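>
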Ligand SMILES: Nc1nc2c(ncn2[C@@H]2O[C@H](COP(=O)(O)OP(=O)(O)O)[C@@H](O)[C@H]2O)c(=O)[nH]1
Ligand SMILES: [Mg+2]
């Protein structure tokens, strides 16, 4: 049997989370058009007769002086040293720029076994040639695959490339596992995804979610959760609550529908919006949050 831990890394919005979900066959990691949707290391598991791939989704590698982004970039860099293989995801529709070169530099210095994939080939892969040259220059000999995480194409060839680099080993998780996340974390992430998808501009980035109470009710048929949707300003709170509470109810509806697919019981949310000023500048909170 093969058993492999794989760090999935790349620029923001290259499609890392979409790919982890596609490879694991379930919703492991939240996805939105907004960069920096993923803030943590999220484990997804793919098991086949060949063995197991434990995929670690990571925040996008992003050059920025902002504290939250620095925590996330440090998390990516430290993850590189802890895995068997690095899966580098590049957006084939965007030309290679300064940020892509910076991440290639970090990867080259990490000196791990690499598999590179060019994603979004369904959208034309317009920048694909330049991407190929940059990867060949920085990571010579790394297998390179073309995929569409969204359409699900090229994934078998990508799994082959990952298993080819995998060490022998026992399964790390039971066969039917596809993620090891705690229920309260999954609930907070799904709420954050729905809130991000329903807001724009600076609001998605100002959100974090805290689940404070969880209770099994109705003899195990329903999980009740009290959660707080936190933002930085009163004006953002107003947007999330919406006219007569319309927006927050819609976020709850969407989140409960997704959570019903994820858990073997119904999830009922008591969700409130709270203002937590400057949370993105508070080290103790960020240290607890970004892991
Ligand atoms: N056209 C296309 N869009 C994709 C593909 N993979 C991801 N996306 C979109 O790219 C955006 C960012 O995806 P996400 O998985 O959150 O990227 P991440 O930041 O790297 O985790 C979302 O709007 C996705 O729907 C793909 O293969 N093709
Ligand atoms: Mg992501």
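Residue numbers (this note's numbering): 980 to 1270. A virtual CB, placed ideally from N, CA and C, is assigned to each residue, including glycine. None of these values were measured; they are calculated from a predicted model.
1) Am I right that residue 1069 and residue 1077 are in contact with their C-beta atoms under 8 Å? What's the rounded C-beta distance?
2) Which one or two residues does DSSP pair with residue 1033 in a beta bridge?
3) If the criterion is Cβ atoms closer than 7 Å, does the pair residue 1191 and residue 1205 meet it?
4) Tell me whether residue 1128, by its Cβ, gets closer than 6 Å to a heavy atom of ligand 1.
5) Going by DSSP, what residues sit across from residue 1245 in a beta bridge?
6) Check each candidate in 1034, 1050, 1029, 1213 and name the one with the smallest Cα separation from residue 1065.
7) Taking only heavy atoms of ligand 2 into account, decide whether any of them is closer than 6 Å to the Cβ of residue 984.
8) What three-state label does DSSP hand residue 1098 in the structure shown?
9) Take residue 1105 as the anchor and find which of 1125, 1200, 1041 has the nearest alpha-carbon.
10) Per DSSP, residue 1187 is paired with what?
11) May I have the straight-line CA-CA distance separating residue 1040 from residue 1196, to the nearest angstrom?
12) Provide the residue(s) that pair with residue 926 in DSSP beta bridges, ordered along the chain.
13) When the distance is taken between beta carbons, is residue 1099 closer than 7 Å to residue 1071?
14) Can residue 1104 be considered in contact with ligand 1, in the sense that its beta carbon sits closer than 6 Å to one or more heavy atoms?
15) Measure the alpha-carbon distance for residue 1045 versus residue 1011 and round it to whole angstroms.
16) By a C-beta neighbour count over all protein chains shown, 10 Å radius and 16 as the cutoff for buried, is residue 1228 buried or exposed?
17) Are the segment 1003-1022 and the segment 1083-1091 in contact at 8 Å, needing three or more beta carbon pairs?
18) Which runs of the beta strand (DSSP E) spanning at least 3 residues fall entirely within the segment 1107-1163, listed in chain order?
19) Measure the CB-CB distance between residue 1269 and residue 980 and report whether it falls below 7 Å.
20) Does ligand 3 have even one heavy atom less than 6 Å from the beta-carbon of residue 1101?
21) Quick one: Cα of residue 1108 to Cα of residue 1200, how far?
22) Consider the C-beta atom of residue 1058 and the heavy atoms of ligand 2; say whether any pair is separated by less than 6 Å.
23) Assuming residue 1254 contacts residue 1194 (C-beta within less than 8 Å), just tell me the rounded distance between them.
24) Can you check which of these residues, 1216, 1162, 1141, is closest to residue 1238 by C-alpha distance?
25) Need the endpoints of the alpha helix (DSSP H) that residue 1077 sits in, please.
Put simply:
1) Taking the chain shown and counting its residues from 1, one reaches residue 1069 at position 90. Taking the chain shown and counting its residues from 1, one reaches residue 1077 at position 98. Rounded, the Cβ-Cβ distance is 14 Å, inconsistent with contact.
2) Here the question's residue 1033 lines up with position 54 in the chain shown. Answer is 984, 1024, bridged to residue 1033.
3) Here residue 1191 is taken as the residue at index 212 of the chain shown, counted from 1. Here residue 1205 is taken as the residue at index 226 of the chain shown, counted from 1. In this structure, residue 1205 lies closer than 7 Å to residue 1191 by Cβ.
4) Working through the chain shown from its first residue, we reach residue 1128 at position 149. Yes - ligand 1 has a heavy atom lying nearer than 6 Å to the Cβ of residue 1128.
5) Within the chain shown, numbered from 1, the residue matching residue 1245 stands at position 266. Bridge partners of residue 1245: 1201.
6) The count along the chain shown starts at 1 and reaches residue 1065 at position 86. Nearest of 1034, 1050, 1029, 1213 to residue 1065, Cα basis: 1034.
7) On the chain shown, position 5 is the one that residue 984 refers to. It does not: the Cβ of residue 984 is nowhere closer than 6 Å to a heavy atom of ligand 2.
8) Residue 1098 sits at position 119 when you count from the first residue of the chain shown. Of the three classes helix, strand and coil, the one that applies to residue 1098 here is strand, per DSSP.
9) Stepping through the chain shown from its first residue, residue 1105 is reached at position 126. Looking at the Cα atoms, 1125 is the closest of the given residues.
10) Reading the chain shown from its first residue, position 208 is the one you call residue 1187. The partner list for residue 1187 (beta bridge, DSSP) reads 1209.
11) Taking the chain shown and counting its residues from 1, the one referred to as residue 1040 is at position 61. Taking the chain shown and counting its residues from 1, the one referred to as residue 1196 is at position 217. Each residue's Cα considered, the two are about 41 Å apart.
12) This structure gives no information on residue 926, because the portion of the chain shown stretches from 980 to 1270.
13) Residue numbering aside, residue 1071 sits at position 92 when the chain shown is read from its first letter. Residue numbering aside, residue 1099 sits at position 120 when the chain shown is read from its first letter. Going by C-beta atoms, residue 1071 is nearer than 7 Å to residue 1099.
14) Against the chain shown, residue 1104 aligns to sequence position 125. No, ligand 1 has no heavy atom inside 6 Å of this Cβ.
15) Locating residue 1045 in the chain shown gives position 66, where the first residue counts as 1. Locating residue 1011 in the chain shown gives position 32, where the first residue counts as 1. Whole-angstrom Cα-Cα distance: 21 Å.
16) Locating residue 1228 in the chain shown gives position 249, counting from the first residue. Answer is exposed; the Cβ neighbour count stays below 16.
17) no
18) 1123-1125
19) Looking up residue 1269 in the chain shown gives position 290. Looking up residue 980 in the chain shown gives position 1. It is not a contact, given that the beta carbons lie outside the stated cut-off.
20) Looking at this structure, you won't find ligand 3 anywhere; what it does contain is ligand 1 and ligand 2.
21) As a working note, residue 1108 is residue 129 in the chain shown. As a working note, residue 1200 is residue 221 in the chain shown. Looking at the two C-alpha atoms, the distance is approximately 53 Å.
22) Position 79 of the chain shown, counting from 1, holds the residue named residue 1058. Not under cutoff, so the answer is no.
23) The residue labelled residue 1254 in the question sits at position 275 within the chain shown. The residue labelled residue 1194 in the question sits at position 215 within the chain shown. Actually they are not in contact, since the Cβ atoms of residue 1254 and residue 1194 sit about 26 Å apart, beyond 8 Å.
24) Against the chain shown, residue 1238 aligns to sequence position 259. Answer by Cα proximity: 1162.
25) By one-based count along the chain shown, residue 1077 stands at place 98. Here the alpha helix (DSSP H) through residue 1077 covers 1077-1089.
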